[in-house]
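Working notes for the structure below.
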Amino acid sequence: MSYPFSAPVDLRSDTVTKPTEGMRRAMAAAEVGDDVYDEDPTVHRLQERVAELLGKEAALYVPSGTMSNQIAVRVHTQPGDEILVEASCHIYNYEAGGPAVLSHVMCRPIPGRYGVLDVDDFEGMIRPTNEHYAQTRLVCLENTHNRGGGRIFPLANIERICAWAHEHGLRTHLDGARLFNAVVATGVAACEYARHFDTVSVCFSKGLGAPVGSALAGPRELIARARRIRKVFGGGMRQAGVIAAAALYALEHHIERLHEDHENAQRLARVIDEIDGLVLDPPDVHTNIIWFEVHPTVATAAEVAERARQRHVLLGVGGPQTLRACTHLDVTREMIDYAGQVLREVMAELAATRAKVRG
Ligand code: TLP
Numbered sequence: 215m216s217y218p219f220s221a222p223v224d225l226r227s228d229t230v231t232k233p234t235e236g237m238r239r240a241m242a243a244a245e246v247g248d249d250v251y252d253e254d255p256t257v258h259r260l261q262e263r264v265a266e267l268l269g270k271e272a273a274l275y276v277p278s279g280t281m282s283n284q285i286a287v288r289v290h291t292q293p294g295d296e297i298l299v300e301a302s303c304h305i306y307n308y309e310a311g312g313p314a315v316l317s318h319v320m321c322r323p324i325p326g327r328y329g330v331l332d333v334d335d336f337e338g339m340i341r342p343t344n345e346h347y348a349q350t351r352l353v354c355l356e357n358t359h360n361r362g363g364g365r366i367f368p369l370a371n372i373e374r375i376c377a378w379a380h381e382h383g384l385r386t387h388l389d390g391a392r393l394f395n396a397v398v399a400t401g402v403a404a405c406e407y408a409r410h411f412d413t414v415s416v417c418f419s420k421g422l423g424a425p426v427g428s429a430l431a432g433p434r435e436l437i438a439r440a441r442r443i444r445k446v447f448g449g450g451m452r453q454a455g456v457i458a459a460a461a462l463y464a465l466e467h468h469i470e471r472l473h474e475d476h477e478n479a480q481r482l483a484r485v486i487d488e489i490d491g492l493v494l495d496p497p498d499v500h501t502n503i504i505w506f507e508v509h510p511t512v513a514t515a516a517e518v519a520e521r522a523r524q525r526h527v528l529l530g531v532g533g534p535q536t537l538r539a540c541t542h543l544d545v546t547r548e549m550i551d552y553a554g555q556v557l558r559e560v561m562a563e564l565a566a567t568r569a570k571v572r573g
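Heads up, the sequence shown is in the numbering used here, so the first residue is 215 and it goes up one at a time.
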């Protein structure tokens, strides 16, 4: 098959998108100032817009989703506290031990069902007030859930968990790196999800297609403290309006289109589901992330990814048998069909090779 596109079909993550022409124009035209002096008008506009979308008093622009989450953990806790997290969540697994390093807190992981928890899962999780124990302080949830396969955290579960947490004097934080994927898929407004949490983090550099940046939203007083912590973490930025302009552009132009990514993910998942030796896990795809397993009698995930790469299709390898494909702004429906065809061919080749080896 001759390769028909000008760039690889990069399905490793939705973080790989390049700014569009319109976004680059918005960046070039951005009015800027020194944001450490709190003088960048574009950053101000972005922060106000995010606060408005999430129904919070204030928001803070930060360099990454990791920093946004870690600032939240720090703002809500004291050293020696414990935070309750879902076992496969980003904060616990993919932020380089941030809670331990930056906030000196312990994480108590609670296994969910593809990342989703309900209030019963928290039973017995608050430690008694006694000098032997860490103080339970914070509950963190993730929506959509990355390792859970882009799963949408049901609003009813969020309501129950956050009401329970607040009744027991705990704070709540939402890692909403892909909150807008949940919003577009369900029709539930961002502020409807956000209102149950004390703080909410959203990312502009995932499905929304901006080159960089995230925001943490919450009550004014907490966000003022978050601003100080951002400085400690080295995240104070100067003429950040150049990148904030991309985020503002993304909020205006790239939310509604997320449904195209979801349709493309469904389309690819249907193909994967039909290929011998590949199994979707989770079996149903809610948004733009597909996790799937390679049957160990056929190949390893790394072998499949390498053969796909040779045909210009890039996949994420998440474990010995585990692959991830994310759809995004830079992947068209034609590219998805091409990727599906490549996966069919690669798996047929690998199965034939194995059969030959076994004789
Ligand atoms: N996730 C990345 C990798 O770090 C795994 C990806 O490719 O999906 N929360 C969630 C739910 C995320 O998926 C990510 C990024 C982050 C936070 C962190 O965002 P950044 O990369 O901006 O620090």
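In this text, a Cβ means the ideal position worked out from N, Cα and C, and glycines have one as well.
- Between N357 and L388 a beta carbon distance of about 6 Å is seen, short of the 8 Å cut, so the two are scored as contacting.
- The count of Cβ pairs closer than 8 Å, one atom from the stretch 221 to 232 and one from the stretch 526 to 539, reaches three, so the stretches are in contact.
- Of all C-beta pairs linking the stretch 415 to 428 to the stretch 452 to 471, three or more are shorter than 8 Å, placing the two stretches in contact.
- A distance criterion of 7 Å places the beta-carbon of C417 in contact range of the ligand TLP, judged by its closest non-hydrogen atom.
- Taking a 10 Å sphere around the C-beta of A440, we find 16 or more other C-beta atoms and assign the residue as buried.
- S428 is not a Cβ neighbour of V315, given a cutoff of 8 Å.
- Per the coordinates, the alpha-carbon of P496 lies some 10 Å from the alpha-carbon of R327.
- Listed as beta-bridge partners of V416 by DSSP are G390, A429.
- A direct Cα-to-Cα measurement between R568 and L436 gives close to 58 Å.
- Each residue's CA atom was taken as its position, placing A377 and H410 some 8 Å apart.
- Closest in C-alpha terms to P368, from the list Y552, M561, V397, K570, comes V397.
- Listed in chain order, the non-local C-beta contacts of P293 below 6 Å within the same chain comprise H318, local neighbours out to five positions each way being set aside.
- The three-state secondary structure of F506, taken from DSSP, is strand.
- Between L422 and I486, the C-beta gap is not smaller than 8 Å, which leaves the two residues out of contact.
- Distance between T234 and L355, taken at the CA atoms: about 31 Å.
- Annotation for G329: no beta strand (DSSP E) segment contains it, and DSSP assigns it neither H nor E.
- For G312, the enclosing alpha helix (DSSP H) has its first and last residue at 312 to 317.
- Inter-segment contact for the stretch 242 to 256 and the stretch 475 to 490 is absent: fewer than three beta-carbon pairs are separated by less than 8 Å.
- Uninterrupted beta strand (DSSP E) stretches at least 3 residues long and entirely within the stretch 231 to 302 occur at 272 to 276, 295 to 300, given in chain order.
- In the pairwise beta carbon analysis, the stretch 341 to 352 is classified as touching the stretch 292 to 306: at least three pairs are separated by under 8 Å.
- A distance below 8 Å separates the beta carbons of I504 and A483.
- In the structure shown, the three-state DSSP call for R523 is helix.
- Here Y347 is not near I372, since their CB atoms are 8 Å or more apart.
- If you draw a straight line from the Cα of R444 to the Cα of D332, it comes to about 32 Å.
- Listed as beta-bridge partners of Q349 by DSSP are D295.
- Proximity of the beta carbon of N395 to the ligand TLP is not indicated: no heavy atom of the ligand is located closer than 7 Å.
- Of the candidates L268, G236, D498, the residue whose Cα lies closest to the Cα of I366 is D498.
- Here A464 is buried: its Cβ has 16 or more other Cβ atoms, across all protein chains shown, within 10 Å.
- Bridge partners of T536 according to DSSP: E507, G533.
- Its Cα nearest to that of G329, the residue N307 stands out among L260, G450, N307.
- Apart from the 5 residues on each side of it in sequence, M339 sits with its Cβ closer than 8 Å to the Cβ of L298, R322, I324, T350 in its chain, given in chain order.
- With contacts defined as CB atoms closer than 8 Å, H468 and V493 fail to qualify as a contacting pair.
- In the structure shown, the three-state DSSP call for D228 is coil.
- When the beta-carbon positions are compared, T231 and D490 stay at least 8 Å from each other.
- H359 has R365 as its beta-bridge partners, per DSSP.
- Secondary structure at L472: helix, using DSSP grouped into helix, strand and coil.
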